[in-house]
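Peer 1: The structure's right below; bear with me while I get my questions together.
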Amino acid sequence: MEKPTLQRENWGSRLGFIMAAAGSAIGLGNIWRFPYLAGSNGGSAFIIIYLGFVFFICLSIMLAELAIGRRSGLAAVGAYKSSSDNWTFAGVLGVLSAFFIMGFYPVVGGWALAYVFKSFTGLLAAPAALGDVFGGFITNPVQPLMWMAVFLIANVVIVAKGVSGGIEKACKILMPALFGILVIIAIKGLTLPGSSAGLAFLFKPDWSLVTGQTFLAALGQAFFSLSLGMGCMITYGSYLKKNENLPGSAFIITAMDTSAAILAGLAMFPALFAFGMEPAAGPGLVFVVVPAIFAEFGGAGVIFSAIFFVALVFAALTSSVSLLEVVVAYLMDQKKMERKKSVYISSAVMVVLCVLASLSLGVMSGVTLLGVGAFDFFDILTDKIFLTIGGLLLAVFVGWFVKKEDLRDELTNGGAVQFGLFELWYNLIKYVIPVAIGIIAFMGIKSITQTGLMIFGLLIIVVMAIFSKKL
Ligand code: PHE
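Residue numbering for the sequence shown follows the numbering used here, beginning at 3 and increasing consecutively.
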């Protein structure tokens, strides 16, 4: 019998790719994290800075990631490595980031899943107790772990089915559903009396709360939200056909992600202000304040609450599959491992990290590393350090180590599509973005409170640069 030649998987259609990439981008970052970051960093001042970063830095990076992914036909590590072994570490940093993000992401995904069911079992009956309910739930040693496991199994099932048969198929259903739900909830919120205070909060800036940290938080969030700086878009780009229009796709994905974040804000803040609640409630915002809003809706509240958390689960799932895929694609490309086996091995490691993260909020809250528990450790390390530095490395790599003509060729499909902004994009990637990220990272890192963690994160990167050539 003839041995089948290993052919790279492809997206089935352009729409399928866009849905999968937007699915990766739109996630807990948009619905769970963006609102509380905005809430605690000056509301719309944060949002304006965030939007600036998205369109002046991240859009260009997204395009660069898709381009080198498609050009090399390889996932994160391979795409760097095919240029030079000296760059392997930048890809490895991405794989490591995927592991660490998957160390807490499924925990929150599990909370969302639990809240779908809790919505039906009396969650809204005692609005005053919502904070305690949430606190009690996430610190419980067993329950959140069970929900996390269910969430992670869904990831395993989807990713094991492959790029177009699993990831693309799931995202094509889940993404439109997610947008539909957010629109319905936003309309409901905007029609409540007193909701305009929420709009003011979202769109009228308070610059007095802006510090160096705000910029780093906004940049980290922009990278996190767009799934950048860790090889995810390189990996998704590697499954793209040669005739897809890259600049157009990058713009659509970025615009969809930004709309989802704003939409999530519109689904939450107007209603929140209408009922006189506090926006700056930290990571619990979505799980405490949102159900409290729905409790005010009367009988329909249960349904609104359930569909809101369904949306959160969908958003989280289409993102976590992309994180898992980054690791799986690395094992398949570089270690020649078979898909299913790669999925099982990587998710087994992720389970261990998730258990640590979940328990760090409860029974293991006394166990800290460099001053933080496992959950915060994974979160801060990735979003404040690894993704930002990952984005910086990518810009330097593409700007200085890939031939300009190769890039032009890739972005225009060999001259077949127009990309009038090529020169602007190239200069941004080569000069402006590395300097901008450098300044923001420096300012932010200087004013960050977890100094030990910062130094540790930077050390990991240096150590990897020295030792990970062969990975
Ligand atoms: N973009 C996802 C979110 O906003 C998270 C993510 C980060 C996914 C990095 C993939 C890679 O939730």
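Heads up, the beta-carbon is just placed ideally off N, CA and C, and yes, glycines get one too.
No experiment lies behind these values; they were computed from the predicted model shown.
(1) Less than 8 Å between the CB atoms is what I'm expecting for N88 and Y241, so what's the real figure, rounded?
(2) Assuming L125 contacts P293 under a Cβ cut-off of 8 Å, what Cβ separation, rounded to an integer in Å, is found between them?
(3) DSSP state of L426, grouped into three classes?
(4) Go ahead and pull the three-state DSSP assignment for V159.
(5) Could one say the Cβ of G440 lies closer than 9 Å to chain C's Cβ atoms, at least one of them?
(6) Per the DSSP calculation, L371 is bridged to which residue(s)?
(7) Of the choices G137, S46, L355, whose alpha-carbon is the least far from that of W113?
(8) Enumerate in chain order the residues of its own chain whose CB-to-CB distance from D208 is below 7 Å, with the five nearest sequence positions on each side excluded.
(9) Look at the alpha carbon of I457 and the alpha carbon of V464, and state the distance between them as a whole number of angstroms.
(10) Between Y107 and the ligand PHE, is the CB less than 8 Å from at least one heavy atom?
(11) Rank F377, S324, T320 by C-alpha distance to the C-alpha of L180 and give the top, closest one.
(12) From A302 to F122, what does the alpha carbon distance come to, in whole angstroms?
(13) What are the uninterrupted segments assigned as beta strand (DSSP E) that are 3 or more residues long and contained completely in the stretch 18-80, given in chain order?
(14) What is the residue span of the alpha helix (DSSP H) that I431 lies within?
(15) Along the alpha helix (DSSP H) that carries W209, what are the first and last residues, could you check?
(16) Can you tell which of C356, T193, I468, E280 has its C-alpha closest to the C-alpha of A151?
(17) Can you name the start and end residues of the alpha helix (DSSP H) that A350 belongs to?
(18) Is N247 near the ligand PHE, judged by its Cβ being under 8 Å from some heavy atom?
(19) Measure the C-alpha to C-alpha separation of E327 and T141 and round it to an integer number of angstroms.
(20) Which of the three DSSP states is assigned to W13 in this structure?
(21) Whole alpha helix (DSSP H) runs in the stretch 71-131 with 4 or more residues, listed along the chain?
(22) Fully enclosed by the stretch 299-331, which beta strand (DSSP E) runs are 3 residues long or longer?
Peer 2: To lay it out plainly:
(1) 26 Å between Cβ atoms; not a contact.
(2) 6 Å
(3) helix
(4) helix
(5) Protein chain content of the structure displayed is limited to a single chain, and chain C is not contained in it.
(6) V374
(7) G137
(8) G44, G45, A47
(9) 11 Å
(10) yes
(11) T320
(12) 11 Å
(13) none
(14) Unbroken run through I431: none, as it is neither H nor E.
(15) Run containing W209: none; DSSP gives neither H nor E here.
(16) C356
(17) 341-361
(18) no
(19) 29 Å
(20) coil
(21) 78-83, 90-103, 107-122
(22) none
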